[in-house]
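Novice:
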Amino acid sequence: MFPVTSLSRADLFVTTALKRAPVLQAHAQSIAEELGAAFVPRSEQGLPRLFEAHPLALRALVVQADRLLLTQRTGEELFYHPNMAYLRLGNVLRGGRDLLTEAAQLSPGDSVLDATLGYASEAILCAHVVGDSGEVHGIEAVPELGIVVREGLKTVATDQVILNAAMRRVQVMHLGHHLEFLRACPSGRYDVVCFDPFFDQMLEQSRSIAPLRIFGSLARLLPEAVTEAQRVARRRVIVKTEKWADALEAYGITERIDSRGGKVVYGILPAR
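According to the working numbering, the stretch in the sequence shown is residues 1 to 272, in order.
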């Protein structure tokens, strides 16, 4: 994993739950060091008081006993959960169709790079398909979000054993922009590279990812990143977007897979 390049982040601090414990403090200090952010002892103070004491901070990462919590100065919160992976994997296990795995043409043993990880919902689905003999790596542009997801993939347990196993197989490889990683990646490193950037407008059925629009990166997918992904991919590059958007044409994508009643489309580009 590439190191986080920022040496000092005034926009973020790391702290612990109100009922502090030595193990939580050690964990929080380690995360703060990785992020280049300040570790702030809780000292039985509420988060509003901590934000008052750090006027430049826009958000805090709180190390709790069972999870990591991202919170904005304005009160919005995010913690890890597998999001739509629960429903989509259940559909696949019942023999249903999934557009991503169909577009990617995944098989056991394949290697996949999810360049826009988010909650890792699609990475988890890929990890189920490629199995123990495959690999799924993820990149998250916002380092503190990537750490929350990385920790959650290792520790969160659902009532689906198969889902839990797929979560554990997803590895967060880079905290930072995917273009940094792609430029340094050997040609043909992965079978498939996937992009799922934020849509211009949030779809009604995607309300569950609303916190990601607050804490994640809303930057547009760059044509250069798609070109680099074609070099890094052995077989194909997948770009997800709104069904009626014209975004795919900007990347030279003409092949696509969608469903009659669906609102998203997966564009397909061959590797170079």
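Quick reminder that beta carbons are idealized off the backbone N, C-alpha and C, glycines included.
Which of helix, strand or coil does DSSP assign to Ile124?
Specialist: As a first step, residue 124 is located in the sequence shown; it is residue number 124 there, counting from the start. Reduced to three states, the DSSP call for Ile124 is helix.
Novice: Which residues bound the alpha helix (DSSP H) around Ile253?
Specialist: Residue mapping note: residue 253 aligns to position 253 of the sequence shown, counting from 1. From DSSP, Ile253 is part of no alpha helix (DSSP H); its letter is neither H nor E.
Novice: What residue range does the beta strand (DSSP E) around Leu12 cover?
Specialist: Taking the sequence shown and counting its residues from 1, one reaches residue 12 at position 12. Here the beta strand (DSSP E) through Leu12 covers Arg9 to Thr16.
Novice: Could you have a look at Met167 and say whether DSSP puts it in helix, strand or coil?
Specialist: Counting from one through the sequence shown, the residue named residue 167 turns up at place 167. Note: Met167 maps to helix in three-state DSSP.
Novice: When DSSP builds the beta bridges, which residues end up paired with Glu140?
Specialist: Locating residue 140 in the sequence shown gives position 140, counting from the first residue. BP columns for Glu140 point to Leu175.
Novice: Would you mind working out which of Ile31, Glu52 and His54 sits nearest Val63, comparing C-alpha positions?
Specialist: In the sequence shown, the residue the question calls residue 63 occupies position 63. The candidate whose alpha carbon is nearest that of Val63 is Ile31.
Novice: Inspect the CB distances between the stretch 96 to 103 and the stretch 251 to 259 and report whether three or more fall short of 8 angstroms.
Specialist: Touching, per the Cβ criterion.
Novice: In whole angstroms, what separates the C-alpha of Val130 from that of Lys19?
Specialist: Counting from 1 along the sequence shown, the entry for residue 130 is found at position 130. Counting from 1 along the sequence shown, the entry for residue 19 is found at position 19. Going by the C-alpha atoms only, they are around 41 angstroms apart.
Novice: Expressed to the nearest angstrom, what Euclidean distance is found between the alpha-carbon atoms of Glu122 and Pro55?
Specialist: As a position in the sequence shown, residue 122 is number 122, starting the count at 1. As a position in the sequence shown, residue 55 is number 55, starting the count at 1. So the alpha carbons of these two residues sit roughly 37 angstroms apart.
Novice: Taking the alpha carbon of Asp114 as the reference point, which residue from Val148, Gly46 and Glu135 has its own alpha carbon closest?
Specialist: One-based indexing of the sequence shown puts residue 114 at position 114. Asp114 has its Cα closest to that of Glu135, out of Val148, Gly46 and Glu135.
Novice: Go ahead and pull the three-state DSSP assignment for Arg88.
Specialist: Here residue 88 refers to the residue found at position 88 of the sequence shown. Arg88: helix per DSSP, three-state reduction.
Novice: Anyone know if the C-beta pair for Pro143 and Leu35 falls short of 8 angstroms?
Specialist: Numbered from 1 along the sequence shown, position 143 holds the residue referred to as residue 143. Numbered from 1 along the sequence shown, position 35 holds the residue referred to as residue 35. Taking 8 angstroms as the Cβ cut-off, Pro143 and Leu35 qualify as a contacting pair.
Novice: Quick check on the DSSP output: the alpha helix (DSSP H) that includes Ser30 runs from which residue to which?
Specialist: Counting from one through the sequence shown, the residue named residue 30 turns up at place 30. Its alpha helix (DSSP H) spans residues Pro22 to Leu35.
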